[in-house]
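Data first, discussion second: the structure below is written as structure tokens.
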Amino acid sequence: MLFVTPLHADPVDFDAFFNEAASCRQSQAFTTLHKNIGDRYGNDADSKNTKVNQSVSVKIPPEIRAGIGKARSVNKGEYTQVVVPLDGFWRGLKLQELEFAVGNENGVQQWRIRFSEPRSAVLRVFGTEVSAANRALKADPDRAPFGHSAKIPKGSSGEIVCDFST
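Everything in the sequence shown is counted per this note's numbering, starting at 2 for the first residue and increasing by one.
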């Protein structure tokens with residue numbers, strides 16, 4: 002089994018794993034997980050089916066393994082949505098799930114970190130960092146034409162969204 006259902010008593014600390022994620026930068030472990038998720042759950046562009054490449058293992062760091070639930074994937078046509086339940090905390094806020102939008106042979110690339118906290122709490126803890134990351138992405142001449150963004154969306158419950166779609 003690649004993902005285990007959390008069955009622990011102590012909260013899992015995701016601080017090192019998500020490290021600079023509020024600035025839309027991934028730690029090495031997060032980068033590896035993201036790549037493994039794409040390789041395991043990505044679908045062909047013409048397919049309407051949801052496939053899972055069983056030959057790809059998803060590497061989860063041991064320090065967060067107890068806080069990672071079983072991934073669910075759905076082929077949405079242009080991209081595959083992969084949702085990974087989380088049980089732990091990042092900078093004191095309770096996590097709910099990590100969602101990836103994996104392009105089906107196209108440039109869709111997005112990830113969302115959802116909290117079991119209201120948007121106001123996420124803004125209080127991460128708002129300055131996310132805003133600075135969004136400004137940096139908009140000012141980067143290599144990224145600006147694609148509309149890359151970092152945000153805590155209005156109207157959402159608490160979540161951070163990083164979109165690098167091209």
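Here a beta-carbon is modelled for each residue, glycine too, at the ideal position from N, C-alpha and C. Being a predicted model, the structure only gives us computed values, none of them experimental.
- The beta carbon of residue 86 lies closer than 6 Å to those of 70, 98 in the same chain, with the five residues before and after it left out.
- With the rule of 3 Cβ pairs closer than 8 Å, the region 35-46 counts as touching the region 54-73.
- Scanning the region 26-64 from its first residue to its last, the whole alpha helix (DSSP H) runs of 4-plus residues come out as 29-42.
- Assigned with DSSP and collapsed to three states, residue 141 falls in coil, not helix or strand.
- Residue 22: not part of any alpha helix (DSSP H); DSSP gives it neither H nor E.
- In the structure shown, the three-state DSSP call for residue 76 is strand.
- Sequence-distant Cβ neighbours of residue 164 in its own chain, meaning closer than 7 Å and more than five residues away, are 111, 149, 150.
- In its chain, beyond the 5 residues on either side, 23, 92, 153, 161 have a beta carbon closer than 8 Å to the beta carbon of residue 127.
- Taken through DSSP and simplified to helix, strand or coil, residue 92 comes out as coil.
- In the three-state reduction of the DSSP assignment, residue 104 falls in the strand class, which pools E and B.
- About 5 Å separates the Cβ atoms of residue 118 and residue 94, confirming a contact at the 8 Å cut-off.
- Judged by DSSP in its simplified three-state form, residue 84 adopts strand.
- In this structure, residue 51 places its C-beta atom within 8 Å of the C-beta atom of residue 76.
- Between residue 35 and residue 116 the beta-carbon gap is near 19 Å, outside 8 Å, which marks them as no contact.
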